[in-house]
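S.K.: Here you go, one structure.
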Amino acid sequence: MHAADDPRRGLLDLYRPAGPLYERGEGAWLIAEDGSCHLDFTTGIAVNALGHGSPLVRRAIEEALETGLIHTSNLFRTRPAEELALQLLELTFPGKVFFNNSGAEANEAALKFARRWARARGGASKHEFIAFRGSFHGRLFGTVALTDRAKYREPFEPLMPGVRWAEPENLDSVRAVLDRERTAGIVVEPIQGEGGVTPMSAEFLQGLRALADEAEVALIFDEVQCGFGRSGTLFAYEPSGVTPDILTLAKPIAGGLPMGAVVVTDAIAETLQPGDHGTTFGGGPFVASVARAVLCALSEPALLEGVRRREAHVRAALAPVVERHARVQKVRGRGLMLGLVLNEPCAAEVVAQARAEELLLVAAGTDVIRLLPPLNVEEELLDEAARRLDAALGALS
Ligand SMILES: *Cc1c(COP(=O)(O)O)cnc(C)c1O
């Protein structure tokens, strides 16, 4: 509980935000009330892909406000969601889109859509989902059931039943739990985020595609964190050459405004009817309007090329840091979704020490530190982050 005079006393004590009160943001910097500038390599957990105070996002918000339309509900047509859906399909695969308000909500919808389709195809018994060790898909009853973290699950059991577990990069472990009669979907993050920044190989995703096809099971890619340019391609699944049946998206999609999206193939769309699912806020004109502008920016080839160039730059800057500190094992990940893998479970300590160096980072589990800078971060700030990280690790040893 907060002390009686703590300004946080009105907030439920589910987070313990440390450090100062932030008042402004500019690019990769968060500026505290005392005027100190903190290098933000969390980007609100991979949300602010274009940095704080992005002129593009600001302009999109101002334009959206001019219409006077913030929300109408899905009882009425508005243009932004209709256009955003077509724009997304152009960049993904032929199908249909459903908008809602967060990553967990997008995944919950995906589970319902997958069950509907699988049952229409193979009968009522098809309801199970296969999830992977190290996964994170959200904190709602369905999504937390697919999330491999005891602390998030156990206090709230019973969760959604019917989840079977497999090992990442191990197709035999998928075969062992895949059941043509019972399985509705396989849910995987092409790059695991919260679980430790672990990319799935192209061969593994291709193998999942083949298994899903054989057993008539929906292949669901959760790109809530790794999607929209973060990995150096617009979607992290692209290098594998396979597409999912369902793609879930959220974090950076609307420039920091809350939005989730689910893209489904036409075959799945055909099994869904009015009334099967719904949302009050999802796809509202204000948020969708901003998302149109953000999506244009994030799908620019020059931006994606820039992410790959920055990846090479930051990897080079981090190499001597990895070399110098015994507690650092290696850098893992893709694009600007990189994890510093530690040899001991000291991620929280490193994050705290980096904060003392005015570098903001977020852990992924107990032994990985995530670096999630803005996708358009200045290259010298990648060097600056490596210097601050080096200092933090030095102070700890
Ligand atoms: C953050 C995240 C979610 C949950 O998104 P929320 O918007 O917090 O509900 C789901 N899947 C992945 C891969 C995520 O990183």
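Residue numbering for the sequence shown follows the numbering used here, starting at -14 and increasing by one per position. A virtual CB, placed ideally from N, CA and C, is assigned to each residue, including glycine.
Between the alpha carbons of valine 159 and arginine 124, how many angstroms are there, rounded?
M.R.: For the purposes of this step, residue 159 is identified with residue 174 of the sequence shown, where counting begins at 1. For the purposes of this step, residue 124 is identified with residue 139 of the sequence shown, where counting begins at 1. Roughly 24 Å between the two C-alpha positions.
S.K.: Below 6 Å CB to CB, which residues in the same chain sit around alanine 70 once its five sequence neighbours on both sides are set aside?
M.R.: Along the sequence shown, read from residue 1 onward, the residue named residue 70 stands at position 85. Within the same chain, alanine 70 has close Cβ partners Val82.
S.K.: Whole-angstrom Cβ separation of valine 405 and valine 182, contact assumed at under 8 Å?
M.R.: Not covered by the structure: residue 405. The range shown for the chain is -14 to 382.
S.K.: Might you give, ordered along the chain, the residues of its own chain that have their beta carbon closer than 8 Å to the beta carbon of aspartate 251, omitting 5 neighbours on each side?
M.R.: Here the question's residue 251 lines up with position 266 in the sequence shown. Closer than 8 Å at Cβ, skipping near neighbours: Pro79, Gly80, Lys81.
S.K.: Between the C-alpha atoms of proline 2 and valine 335, what's the straight-line distance to the nearest angstrom?
M.R.: Residue numbering aside, residue 2 sits at position 17 when the sequence shown is read from its first letter. Residue numbering aside, residue 335 sits at position 350 when the sequence shown is read from its first letter. Rounded to the nearest angstrom, the two C-alpha atoms are 16 Å apart.
S.K.: Helix, strand or coil: which one does DSSP assign to threonine 52?
M.R.: Position 67 of the sequence shown, counted from the first residue, corresponds to residue 52. Here threonine 52 sits in coil by DSSP.
S.K.: Which partner residues does threonine 168 have in the DSSP bridge list?
M.R.: The residue labelled residue 168 in the question sits at position 183 within the sequence shown. Paired residues: Glu113.
S.K.: Do glutamate 93 and threonine 63 have their beta-carbon atoms positioned less than 8 Å apart in this structure?
M.R.: Position 78 of the sequence shown, counted from the first residue, corresponds to residue 63. Position 108 of the sequence shown, counted from the first residue, corresponds to residue 93. In this structure, glutamate 93 does not lie closer than 8 Å to threonine 63 by Cβ.
S.K.: Who are asparagine 85's beta bridge partners in DSSP?
M.R.: Along the sequence shown, one-based indexing puts residue 85 at 100. Asparagine 85 pairs with Gly245.
S.K.: Cβ-heavy atom distance between phenylalanine 121 and ligand 1 below 7 Å?
M.R.: Against the sequence shown, residue 121 aligns to sequence position 136. Yes, since a heavy atom of ligand 1 falls inside the 7 Å radius drawn around the Cβ of phenylalanine 121.
S.K.: How would you write the range of the beta strand (DSSP E) that glycine 324 sits in, first residue to last?
M.R.: Taking the first residue of the sequence shown as position 1, residue 324 is located at position 339. Its beta strand (DSSP E) spans residues 322 to 327.
S.K.: Classify threonine 27 as buried or exposed, calling it buried when 16 or more other Cβ atoms lie within 10 Å of its own Cβ.
M.R.: As a first step, residue 27 is located in the sequence shown; it is residue number 42 there, counting from the start. Buried.
S.K.: What residue from Ala297, Ala302, Arg294, Pro184 has the CA that sits closest to glycine 318's CA?
M.R.: Translated into positions along the sequence shown, residue 318 becomes position 333. The candidate whose alpha carbon is nearest that of glycine 318 is Pro184.
S.K.: For the alpha helix (DSSP H) containing threonine 128, name the first residue and the last one.
M.R.: Counting from 1 along the sequence shown, the entry for residue 128 is found at position 143. Residues 126 to 130.
S.K.: Could you tell me whether the Cβ atoms of leucine 427 and valine 202 are closer together than 8 Å?
M.R.: Beyond the ends of the chain as shown, which are -14 and 382, falls residue 427; an answer cannot be given.
S.K.: Report the three-state DSSP secondary structure of glutamine 258 (helix, strand or coil).
M.R.: The sequence position of residue 258 within the sequence shown is 273, counting from 1. Glutamine 258 falls in the coil class under three-state DSSP.
S.K.: Please confirm whether any heavy atom of ligand 1 lies closer than 7 Å to the CB of asparagine 92.
M.R.: To locate residue 92, count along the sequence shown from 1; it is residue 107. Asparagine 92: yes, Cβ under 7 Å from ligand 1.
S.K.: Return yes when the C-beta of valine 247 is under 7 Å from any heavy atom of ligand 1, and no when it is not.
M.R.: Sequence index remark: in the sequence shown, residue 247 carries index 262 (1-based). Valine 247: no, Cβ never under 7 Å from ligand 1.
S.K.: Please go through the region 19 to 68 and give each complete alpha helix (DSSP H) segment of 4 or more residues, from N-terminal end onward.
M.R.: Here the runs fully enclosed are 28 to 31, 40 to 51.
S.K.: Would you kindly check if the distance between the Cβ of arginine 101 and the Cβ of glutamate 257 is under 8 Å?
M.R.: Position 272 of the sequence shown, counted from the start, is the residue given in the question as residue 257. Position 116 of the sequence shown, counted from the start, is the residue given in the question as residue 101. Sequence inspection shows leucine at residue 257; the glutamate mentioned does not correspond to that position. Going by C-beta atoms, leucine 257 is nearer than 8 Å to arginine 101.
S.K.: Go ahead and pull the three-state DSSP assignment for glutamine 210.
M.R.: Looking up residue 210 in the sequence shown gives position 225. Glutamine 210: coil per DSSP, three-state reduction.
S.K.: Residues in the same chain with beta-carbon distance under 6 Å from alanine 302, minus the five sequence neighbours each way, listed in chain order, please.
M.R.: The sequence position of residue 302 within the sequence shown is 317, counting from 1. Cβ within range, chain order: Leu367, Asp368, Ala371.
S.K.: For ligand 1, is there any heavy atom lying closer than 7 Å to the beta carbon of lysine 236?
M.R.: Locating residue 236 in the sequence shown gives position 251, where the first residue counts as 1. Yes, Cβ of lysine 236 sits closer than 7 Å to a heavy atom of ligand 1.
S.K.: So for leucine 366, helix, strand or coil by DSSP?
M.R.: Along the sequence shown, read from residue 1 onward, the residue named residue 366 stands at position 381. DSSP places leucine 366 in helix when its eight states are reduced to three.
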